[in-house]
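Chains as they are written, first to last, in this note's numbering: chain S, 52 to 334; chain R, 52 to 334; chain F, 52 to 334; chain P, 52 to 334. By construction, the Cβ of each residue, glycine as well, lies at the ideal position given by its N, Cα and C atoms. Beneath this line is the structure, given in structure tokens, with notes to follow.
There are 4 protein chains.
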Amino acid sequence: MCRWLAYSGTPILPMELLYKPEHSLIDQSRHARMGVETTNGDGFGLGWYAEPGDPDQWDGQPALFRGTSPAWSDVNLRELSGRIHTGLFFAHIRASTGSPVQQTNCHPFRHGRWMWMHNGAIAHFAELHRELLLAVDPSLYPSIQGSTDSELMFYLSLTLGLEHDPVHAVERMIGLVEQTADKHGIPDAMQMTVATSDGVRTWGFRYSTSRRSRSLFYSTDVNTLRRLHPDFAELREVSEDTRIVVSEPLGPLSGAWQAVPESSYGVVQPGDDEIHPLVPRAA
Amino acid sequence: MCRWLAYSGTPILPMELLYKPEHSLIDQSRHARMGVETTNGDGFGLGWYAEPGDPDQWDGQPALFRGTSPAWSDVNLRELSGRIHTGLFFAHIRASTGSPVQQTNCHPFRHGRWMWMHNGAIAHFAELHRELLLAVDPSLYPSIQGSTDSELMFYLSLTLGLEHDPVHAVERMIGLVEQTADKHGIPDAMQMTVATSDGVRTWGFRYSTSRRSRSLFYSTDVNTLRRLHPDFAELREVSEDTRIVVSEPLGPLSGAWQAVPESSYGVVQPGDDEIHPLVPRAA
Amino acid sequence: MCRWLAYSGTPILPMELLYKPEHSLIDQSRHARMGVETTNGDGFGLGWYAEPGDPDQWDGQPALFRGTSPAWSDVNLRELSGRIHTGLFFAHIRASTGSPVQQTNCHPFRHGRWMWMHNGAIAHFAELHRELLLAVDPSLYPSIQGSTDSELMFYLSLTLGLEHDPVHAVERMIGLVEQTADKHGIPDAMQMTVATSDGVRTWGFRYSTSRRSRSLFYSTDVNTLRRLHPDFAELREVSEDTRIVVSEPLGPLSGAWQAVPESSYGVVQPGDDEIHPLVPRAA
Amino acid sequence: MCRWLAYSGTPILPMELLYKPEHSLIDQSRHARMGVETTNGDGFGLGWYAEPGDPDQWDGQPALFRGTSPAWSDVNLRELSGRIHTGLFFAHIRASTGSPVQQTNCHPFRHGRWMWMHNGAIAHFAELHRELLLAVDPSLYPSIQGSTDSELMFYLSLTLGLEHDPVHAVERMIGLVEQTADKHGIPDAMQMTVATSDGVRTWGFRYSTSRRSRSLFYSTDVNTLRRLHPDFAELREVSEDTRIVVSEPLGPLSGAWQAVPESSYGVVQPGDDEIHPLVPRAA
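This is how it looks when you write it as structure tokens:
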């Protein structure tokens with residue numbers, strides 16, 4: 052299992068959220084409270100989109116910085132997260148559920164303009180791996196670099212139309228995994244919280260076959276956060292539509308964080324956010 | 052802070068103690084119970100002596116295998132600890148108190164026939180580093196490879212006669228550190244549990260200036276262990292003089308583990324073991 | 052491309068061959084002379100069999116020590132290769148032809164009692180990967196850990212009977228790869244030197260579709276070596292049936308090394324060695 | 052020995068110079084032509100200053116990204132060097148002359164606004180280390196993190212006034228090293244090319260006691276470069292005062308690169324560049 056954070060809003064230095072809050076993502080790398088495992092020390096990743104018009108922007112693709120050391124001791128992560136200004140970033144700390152600790156297994160994953168990160172697992176993945184891999188579009192297949200269920204779920208979703216209708220694609224991906232597991236007599240196949248983005252909108256998914264999904268929270272409106280936490284300096288300067296989606300709250304911010312409901316997804320986007328039920332579909 | 056284990060007795064595979072017990076050293080790398088920090092993920096080390104007459108023996112020097120990744124995910128550590136038969140080995144998992152995560156800072160340290168590993172810290176070490184380094188014998192100085200207080204304590208002890216009278220040398224090393232700290236107005240300078248060996252005898256030290264030392268335990272006689280734990284298969288085959296010294300017990304073995312008293316040292320050796328008070332001395 | 056060395060004979064410390072000769076494998080890691088690339092710095096591996104009757108022996112499986120750093124700077128490789136006595140070992144230094152530098156892509160690979168290492172490449176592997184992966188027996192599929200053509204060639208050979216008839220299996224594996232490449236219009240599909248062993252015999256294969264195979268050499272009988280090189284101390288103590296198979300000679304030992312002929316394989320075994328032509332077969 | 056590149060001028064992506072030229076720094080990491088060693092695979096570093104007014108700027112300090120893997124295979128270096136726009140950066144690839152391959156030994160080094168990188172060595176450094184370390188100002192001493200001669204030369208120069216008069220400080224640093232070596236009977240003590248910068252000006256030093264210094268080149272004026280190399284696209288868009296200082300030319304750009312004379316230093320700065328003799332001084 053893992054912990055992750057997705058940020059969308061006024062450009063900030065990721066360091067503000069990764070290191071400074073009381074229960075920051077870095078704190079969660081050693082002392083996660085709501086996960087299956089308190090330690091998330093099997094690698095990390097930071098993915099970010101440049102601002103529109105930024106000369107560093109590269110075809111709209113997000114940038115990635117990923118490593119295999121624990122996030123808490125990575126000197127480069129600390130350095131870079133204090134140097135990069137970005138209005139949309141993903142950060143992930145990994146706790147392997149069996150696949151090797153190597154860079155190609157670190158989240159977020161990237162394909163074109165899209166990023167993807169995951170907390171959870173496909174049950175009995177070793178048994179299902181081959182069959183699920185075969186379901187990936189052969190033209191996408193060579194882009195798979197690692198050996199995780201997480202990356203495979205990304206490529207299955209891309210195969211099933213992620214770039215055109217992300218929600219529908221993820222619902223079909225879940226359906227495909229559950230259906231494949233059924234054939235093998237494997238119950239409770241899917242356990243996932245997932246974030247994905249195209250650089251404009253960010254989707255957060257919470258789902259499990261057993262309806263006992265891993266935790267997922269989003270920040271409520273910034274005005275509430277400001278009233279409750281006048282001392283949280285970073286909040287003063289971000290716009291009202293800034294949102295954080297995170298595996299577990301960054302502090303004891305009562306009232307500042309809301310749980311994403313069981314089997315639901317949310318969309319963070321310009322204009323109103325949305326939360327809807329998530330329904331697996333036959334692939 | 053860190054966790055460590057020193058084994059002396061019938062040759063075994065280190066894997067038996069590092070991975071198999073309920074609260075093995077590998078379990079302690081993520082879930083230490085008695086340390087300042089639950090996570091010990093900043094590198095690891097295994098040091099071992101070959102058996103007398105072993106063709107792999109190399110001038111009586113212990114062999115070292117050290118790495119910077121967390122012990123729990125290191126594939127090579129798992130592999131090697133299941134391949135090497137040894138009757139005297141040290142194993143260490145590190146939680147950095149500030150110095151970089153790099154191989155040269157991983158325990159155990161080696162000099163000639165001697166090994167050394169440490170849990171604890173010298174208070175305000177950055178402030179004292181230069182002065183303590185100057186106290187190392189210039190002929191030993193070039194052998195220092197890392198930047199930890201732990202390795203420096205080893206070279207101070209070597210300077211003060213470790214190879215001839217280990218207890219006296221460690222007592223003088225403590226005295227020197229406390230004296231230097233005093234000059235700088237630093238209280239409670241020393242916090243340590245240390246193991247050192249020459250390949251025949253193993254010394255375990257427990258000490259802190261404040262007399263609130265980190266935990267240290269040793270296994271009582273093997274017969275007691277066997278009676279209490281008929282299911283612990285490895286115990287059946289080891290000799291009666293086999294001893295384990297460890298930062299925290301490897302399981303809820305009530306009666307099987309005894310705390311080393313505050314400000315004391317023990318010697319594991321052929322013949323009777325010894326436990327004595329430890330008294331800092333003017334260097 | 053890569054460089055490798057297979058040793059079979061009187062137990063020695065691998066260090067003797069990896070570090071000491073003038074053009075040792077470690078020297079080849081920076082200054083290969085006969086390879087496509089002079090630098091082989093993308094990881095390394097050492098695999099060895101314990102002696103029969105050795106208490107460290109573990110089900111007849113070889114032990115592995117593999118890492119991603121360049122061999123020339125790996126402190127643990129230097130240490131371990133000077134500590135392990137073995138009469139049958141493989142050593143490999145990697146120069147990636149595209150797949151990531153990660154431990155799961157380091158040679159040798161292991162399955163049960165079998166080891167496998169490779170120098171070369173399957174042409175346009177990204178294009179053929181999926182189809183070749185599908186040809187692996189589904190029961191073997193979950194054992195594949197990395198993403199190299201080398202490991203896949205091993206699992207294809209296992210699928211095609213390596214454990215029962217290694218030569219026939221490798222010939223069919225080559226046939227399968229060439230046939231698959233043909234369908235995709237890819238010429239000169241296979242370029243390989245491969246070593247494999249079951250812990251008793253060692254096979255060395257040299258083959259390429261274009262009949263311009265990478266170099267492969269074996270040591271001639273030890274008496275010749277001794278006469279030619281009275282100063283090579285290690286040779287004095289090894290038995291007459293000791294053999295070394297290697298990508299390029301370990302020194303300018305004129306007369307001491309013979310090239311394995313184009314499209315051939317050799318067997319190092321108790322009794323007479325053999326060299327025969329290698330003929331790809333329809334899988 | 053090592054290779055390095057210092058860039059000052061119109062903001063570009065470091066990737067343009069690190070990866071694209073025929074004999075780019077990445078090419079030099081495996082195939083250096085003018086160095087003592089063709090392979091520079093013992094770690095790398097990139098240090099850069101943000102543009103004035105850049106919101107990511109952090110107290111005027113340069114940012115660092117350093118790693119221990121070979122530059123040619125580091126996925127993050129490739130990624131980041133294509134994302135960061137900067138008008139003043141240092142890039143370094145390391146070939147260790149003995150000190151461990153670890154991040155704290157990777158160049159460039161940083162202190163406040165200052166960066167420093169080095170190619171070369173102090174002769175018999177192990178013998179001189181202690182005495183030279185003692186000459187570092189005790190208030191600077193705790194900032195030393197690694198164990199290289201290169202970093203120590205930086206801290207000696209800081210001790211001797213680098214921040215106020217860089218040339219005078221480096222001349223005194225050389226004098227101090229040579230004087231210390233003399234006392235130990237060590238000839239030809241210093242071999243160095245060094246770059247240092249405060250974020251505005253960049254100094255390049257070339258010196259050796261024996262007057263046979265490692266190579267150092269600088270680009271001549273951009274107009275000449277453009278005329279000679281109409282195909283070098285990056286040149287079209289950079290300003291006329293853009294300069295590159297580099298251990299060896301990035302291609303066979305005859306006329307485009309000039310050697311820094313023996314025992315000299317150059318200053319790249321707004322306005323006219325300067326080249327002057329370098330004269331060691333008694334510290």
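Bridge pairing for SER298(R): absent [DSSP]. For the stretch 118–131 of chain R, the set of residues with a beta-carbon nearer than 8 Å to any beta-carbon of chain F comprises GLY118, VAL126, ASN127, GLU130 and LEU131, in chain order.
Contact between ARG54(S) and ALA83(S) holds: CB atoms are separated by about 6 Å, below the 8 Å threshold. Where GLU229(F) is concerned, the enclosing alpha helix (DSSP H) starts and stops at 217–234. In chain order, GLU222, ILE225, GLY226 and GLU229 place their CB closer than 7 Å to the CB of PRO331(S), counting only its own chain and leaving out the 5 sequence neighbours on each side. Separation of the CB atoms of TRP99(R) and PRO113(R) is rounded to 6 Å, and the pair is thereby assigned contact status at 8 Å. Residues are counted here when their Cβ sits less than 9 Å from a Cβ of chain F; for the stretch 132–143 of chain R these are GLY133, ARG134, ILE135 and HIS136, given in chain order. Beta bridge pairing from DSSP links PRO328(F) with SER315(F). Under the DSSP assignment, GLN309(P) falls in the beta strand (DSSP E) whose first and last residues are 308–310.
Partner residues in a beta bridge of ARG265(P), as assigned by DSSP, do not exist. For HIS219(R), none of the residues of chain P pass the 9 Å Cβ criterion, the least Cβ distance being about 26 Å. Taking C-alpha positions only, ARG263(P) is separated from SER261(F) by approximately 48 Å. Distances from the alpha-carbon of TYR192(R) to those of LEU209(R), SER124(R) and LEU179(R) put LEU209(R) closest.
Residue pairing of MET168(P) in beta bridges, as defined by DSSP: ALA246(P). Taking a Cβ-Cβ cut-off of 7 Å, the neighbours of TYR192(R) in chain P comprise ARG181, given in sequence order. Around the beta carbon of GLU202(P), a 10 Å sphere encloses 16 or more other beta carbons of the protein chains shown; the residue is thus reported as buried. The beta-carbon of ALA114(P) is placed less than 8 Å from the nearest beta-carbon of chain S.
Under a criterion of Cβ atoms nearer than 7 Å, no residue of chain S is adjacent to ASP78(R); the nearest Cβ is some 11 Å distant. A residue is called buried once 16 or more other Cβ atoms fall within 10 Å of its Cβ, and ARG134(S) is buried on that count. Residue pairing of ARG257(F) in beta bridges, as defined by DSSP: THR244(F) and SER315(F).
The beta carbon of THR253(R) sits closer than 6 Å to the beta carbons of ALA57, SER59 and VAL319 from its chain, once the five residues preceding and following it are set aside; these are given in chain order. Only residues of its own chain outside the window of five on either side were considered, and among them GLY60, THR61 and VAL273 have a CB closer than 8 Å to the CB of SER290(F), listed in chain order.
Its Cα nearest to that of LEU267(P), the residue GLN309(P) stands out among LEU185(P), GLN309(P) and ASP249(P).
The C-alpha of LEU183(F) lies about 29 Å from the C-alpha of ILE326(F).
Residue-level contact by beta carbon fails for SER147(P) and chain R, as no gap is shorter than 8 Å. Under the Cβ criterion of 8 Å, THR90(F) is counted among the residues facing chain P. For secondary structure counted as the beta strand (DSSP E) over 3 or more consecutive residues, the stretch 152–213 of chain S holds these complete runs in sequence order: 160–162 and 165–173. For the stretch 148–167 of chain P, the set of residues with a beta-carbon nearer than 8 Å to any beta-carbon of chain R comprises PRO151, GLN153, GLN154 and THR155, in chain order. Under the 10 Å beta carbon count, ALA240(F) is surrounded by 16 or more other beta carbons and is classified as buried. Exclusion of the five residues before and after TRP165(R) leaves ASP249 as the residues of its chain whose Cβ lies within less than 6 Å of its Cβ. By the C-beta density criterion, GLU299(F) is buried, having at least 16 other C-beta atoms within 10 angstroms. Beta-bridge annotation (DSSP): ILE63(R) is paired with THR137(R). Here PRO189(F) is exposed, its C-beta having fewer than 16 other C-beta atoms within 10 Å. In the DSSP assignment, TRP99(S) falls within the beta strand (DSSP E) that extends over 95–99.
Excluding residues up to 5 positions away in sequence, PHE160 and TRP167 lie with their Cβ nearer than 6 Å to the Cβ of PHE205(S) in the same chain. A straight line joining the alpha-carbon of ARG117(P) with that of PRO321(R) spans about 49 Å.
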